[in-house]
Amino acid sequence: MKAVIVRDLGEPDVLSWEDRPVPEPGRGEVLVRVTATSVNFADIKARRGQYHGAGKPPFIPGLDAAGIIEKMGPGVESLTTGMRVAVFPKGGSYAEYVVADQMLVYPLPDAISWEAAAALPTVGFTAYTLLTQVGQLTPGESILIHAAAGGVGTTAVQLARLLGANRVIGTVSRPDKRAAVEAMGAEVIEYGDGHFSDAVNDMTNGRGVDVVLDSIGGSVSEESLHCLAHFGRLVHFGSASGQPGHIRVSDLHASCRSARGYSLGTARVERPQSIAPTARAVLELAAEKRLVMQIGRHYPLAEAAEAHRWMESRDSIGKIILDVNNPGLKVGAPPVNR
Ligand SMILES: NC(=O)c1ccc[n+]([C@@H]2O[C@H](COP(=O)([O-])OP(=O)(O)OC[C@H]3O[C@@H](n4cnc5c(N)ncnc54)[C@H](OP(=O)(O)O)[C@@H]3O)[C@@H](O)[C@H]2O)c1
């Protein structure tokens, strides 16, 4: 099979297009012929050697994929060959075939397209968990979502609305991202100068928001506390800036606020069964078209390096799909939306 390999850590040109043996499913595992996979920011971090869940080169990058079960290992229950599924594979997802543990395989309703299925697992399950379990957003509350035009961002904005948030505010770095976020149902702050808390406080009559979804770190995490209401929850789940943010515990107790963290990568490894109820809820919302995955661009898998450059440019909006054996698109055909 063909696969994208991270040969060395570094810039996108370390990604090479190579032949690899098709993996064999072991006990409790299935082999999936991949139709499409997606680019997640964690793939960029893994390629740079900055992701906590990645191995050492050479490795296949990628977290999630959609495809068809082609073979089953012993001891697999409730799954069959020919089934359309979304998966978190054991190795990386940038490949024509992947093996996944049955606990991390999610059968797809017919109404979900291949591109939506490939876009959805990491950002959809993460956003839903951040909002419900970690941020504990309740109807009528307000939320600030950083990087709102991105994969997690466009998904979290829609889910926050569906969960009954009364006010959803998204930050973006560039004016051309504004329309996409507004279309999802959020008010938008352009934080081109790096500052946003005064604008949030003005928009909330000085109260601040009940929940902040922070995937940026550094000064963005720190400034988020300046616009977090009493009893509010700061949810930190990524460090796109590459910088750690520093929080003083004395800024928490008197205001009854808390700072919480979450990693789907850690949950996948340590509590894989915890993801199934979230997956059911999110797949149902997508099948009903109440959650519509925002797809910015498609690239053929062989052009993964180009796709990484596009995400790192900070110009990308929504998800980036890598087409593998997508029946809707010939592999190697010119990508759409470019
Ligand atoms: N904890 C988890 O389980 C989990 C799961 C999925 C994703 N994440 C995290 O969630 C974030 C979003 O992931 P995604 O895959 O959906 O990516 P994405 O949001 O589509 O792309 C990343 C976005 O981060 C923003 N950003 C801010 N500072 C940046 C910088 N220095 N370099 C590049 N981008 C920067 C950019 O938006 P603006 O330019 O508009 O600011 C950029 O578009 C990432 O931090 C990722 O690691 C965490």
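For what it's worth, this note's numbering labels the leading residue of the sequence shown as 6, then goes sequentially. Even for Gly, the Cβ is constructed at its ideal location relative to N, Cα and C.
Next item on the list: Could you give the DSSP three-state label for threonine 137: helix, strand or coil?
Entry: If DSSP states are grouped into helix, strand and coil, threonine 137 belongs with the helices.
Checklist line | Three-way DSSP call (helix, strand, coil) for histidine 258 in this model | finding: Histidine 258 falls in the coil class under three-state DSSP.
Next item on the list: Kindly list the residues whose CB is nearer than 8 Å to the CB of isoleucine 192, restricted to its own chain and excluding five residues on each side of it in sequence; keep chain order.
Entry: Sequence check: residue 192 is glutamate here, not isoleucine. Within the same chain, glutamate 192 has close Cβ partners Arg172, Val173, Ile174, Gly175, Met208.
Item checked: Start and end residues, alpha helix (DSSP H) containing histidine 57 -> Segment: none, histidine 57 is in no alpha helix (DSSP H) and carries neither H nor E.
Next item on the list: Determine the direct distance from the alpha carbon of aspartate 215 to that of leucine 142, and round the result to whole angstroms.
Entry: If you take the alpha carbons of leucine 142 and aspartate 215, they lie about 8 Å apart.
Checklist line | Rounded straight-line distance, which links the Cα of serine 244 to that of alanine 291 | finding: Spanning the two alpha carbons is a distance of roughly 27 Å.
Next item on the list: Counting only the same chain and skipping the five closest in sequence on each side, list residues whose C-beta sits under 7 Å from that of methionine 77.
Entry: Correct list, in chain order: Pro30, Val35, Leu84, Thr86.
Notebook entry, point to check: So what does DSSP say about alanine 154, is it helix, strand or coil?
Noted result: Three-state result, alanine 154: coil.
Checklist line | Residue closest to serine 321, alpha-carbon to alpha-carbon, out of Val19, Asp18, Val44 | finding: Ranking Val19, Asp18, Val44 by Cα distance to serine 321 puts Val44 first.
Check: Relative to ligand 1, is the shortest distance from any of its heavy atoms to the C-beta of serine 220 smaller than 7 Å?
Finding: With a threshold of 7 Å, the Cβ atom of serine 220 counts as near ligand 1, since some heavy atom of the ligand is closer than that.
Next item on the list: Enumerate in chain order the residues of its own chain whose CB-to-CB distance from alanine 264 is below 6 Å, with the five nearest sequence positions on each side excluded.
Entry: In chain order, Leu239, Ile252 place their CB closer than 6 Å to the CB of alanine 264, counting only its own chain and leaving out the 5 sequence neighbours on each side.
Item checked: Under 8 Å between C-beta atoms of leucine 230 and aspartate 256 -> Yes, Cβ-Cβ distance for leucine 230 and aspartate 256 is below 8 Å.
Next item on the list: My understanding is that proline 63 touches valine 103, with C-beta atoms under 8 Å, so please give their C-beta distance in whole angstroms.
Entry: Going by Cβ atoms, the distance from proline 63 to valine 103 rounds to 16 Å, so no, they are not a contact pair.
Next item on the list: Ignoring anything shorter than 4 residues or poking outside the segment 198-242, list the alpha helix (DSSP H) runs there in chain order.
Entry: You should have 202-208, 223-229.
Notebook entry, point to check: Cα-Cα, which of Ala309, Ala41, Ala51, Gln278 is closest to asparagine 330?
Noted result: For the residues Ala309, Ala41, Ala51, Gln278, the minimum Cα distance to asparagine 330 belongs to Ala41.
Next item on the list: Give me the Cα-Cα distance between histidine 235 and threonine 159, rounded to the nearest whole angstrom.
Entry: Rounded to the nearest angstrom, the two C-alpha atoms are 26 Å apart.
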